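First up is the structure itself, then whatever we jot down about it.
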Amino acid sequence: MTSAVLGSGATLQLGSGASPQVYTTVAEVLRCGPIGSTNPEVDVTNLDSTAKEYIAGLADGNTVEFDVNYIRGTQQDSLRTSQAAGSTVNMKMVWPTSPNTTAVFDLVLLQFEMGETTPESQITASISGRISGSITWS
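Each residue of the sequence shown is one higher than the one before, counting from 449 in our numbering.
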């Protein structure tokens, strides 16, 4: 039998910028991710090497995309304002594992766009940014 856990109950939270940081859940997130980073390989092969040698380079944060049911007057408006200003915000993602898995990271906001609007669909927004610096996992 599997021990898989559904994503229902996961939360994406926006930091206040205060010290200590206070987080508020972003309303009605439809999807989020991926959250992570990649270490590029650095070729350090030299004249003494008998085969190719590599070390890990500096971690490079992913681009994180998330879609929301747009709810005016929520943290979504703060994200739109921060994106327009070219700001970096502190984010926290909490997955409902046992115990919870948490990622805390700075996100350079690059995009905020309202989704396609039709008579028979909800109003959505898409937000994306690039992780800047390291991710704190717990």
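Note that beta-carbon positions come from the ideal geometry of N, C-alpha and C, so glycine has one too.
Only a predicted model underlies this, so the values are computations on that prediction, with no experimental measurement involved.
Do you know offhand how far serine 464's Cα is from alanine 507's?
Against the sequence shown, residue 464 aligns to sequence position 16. Against the sequence shown, residue 507 aligns to sequence position 59. When rounded, the distance between both Cα atoms is 25 Å.
Looking only at its chain, what residues have a beta carbon closer than 7 Å to the beta carbon of alanine 565, apart from the 5 residues adjacent to it on each side?
To locate residue 565, count along the sequence shown from 1; it is residue 117. Inspection of the sequence shows that residue 565 is occupied by threonine rather than by alanine. Taken in chain order, the residues that qualify are Ile571.
To the nearest angstrom, how far is the alpha carbon of serine 569 from that of serine 535?
Position 121 of the sequence shown, counting from 1, holds the residue named residue 569. Position 87 of the sequence shown, counting from 1, holds the residue named residue 535. Whole-angstrom Cα-Cα distance: 31 Å.
Quick check on DSSP: helix, strand or coil for glutamine 570?
As a first step, residue 570 is located in the sequence shown; it is residue number 122 there, counting from the start. Note: glutamine 570 maps to coil in three-state DSSP.
May I have the straight-line CA-CA distance separating asparagine 494 from arginine 578, to the nearest angstrom?
The residue labelled residue 494 in the question sits at position 46 within the sequence shown. The residue labelled residue 578 in the question sits at position 130 within the sequence shown. Computed Cα separation, rounded: 34 Å.
Close-in-space but distant-in-sequence residues of the same chain around glycine 484 (CB under 6 Å, 5 per side omitted):
Here residue 484 corresponds to residue number 36 of the sequence shown, with the count starting at 1. Only Asn510 meet the Cβ criterion.
Quick check on the DSSP output: the alpha helix (DSSP H) that includes arginine 528 runs from which residue to which?
Locating residue 528 in the sequence shown gives position 80, where the first residue counts as 1. Segment 523-532, the alpha helix (DSSP H) holding arginine 528.
Selected residue, minimal CA-CA separation from glutamate 476, among Thr549, Gly521 and Pro567:
The residue given as residue 476 occupies position 28 in the sequence shown. With distances taken between Cα atoms, glutamate 476 lies closest to Gly521.
If you run the structure through DSSP and keep just helix, strand and coil, what is tyrosine 502?
By 1-based counting over the sequence shown, the position of residue 502 is 54. If DSSP states are grouped into helix, strand and coil, tyrosine 502 belongs with the strands.
For arginine 520, report the span of its beta strand (DSSP E) as first-last.
Position 72 of the sequence shown, counting from 1, holds the residue named residue 520. No beta strand (DSSP E) holds arginine 520; DSSP gives it neither H nor E.
Using 8 Å as the threshold, is the C-beta distance between valine 556 and serine 580 below it?
Position 108 of the sequence shown, counted from the first residue, corresponds to residue 556. Position 132 of the sequence shown, counted from the first residue, corresponds to residue 580. Cβ distance < 8 Å, so valine 556 and serine 580 count as in contact.
Which whole-angstrom value is the C-beta distance of isoleucine 460 and methionine 539, which I expect to be below 8 Å?
Your numbering for residue 460 matches position 12 in the sequence shown. Your numbering for residue 539 matches position 91 in the sequence shown. Here the sequence assigns leucine to residue 460, which means isoleucine is not the residue at that position. About 7 Å separates the two Cβ atoms, so the contact holds.
In three-state DSSP terms, what is valine 490?
As a position in the sequence shown, residue 490 is number 42, starting the count at 1. In this structure, valine 490 counts as strand in the three-state DSSP scheme.
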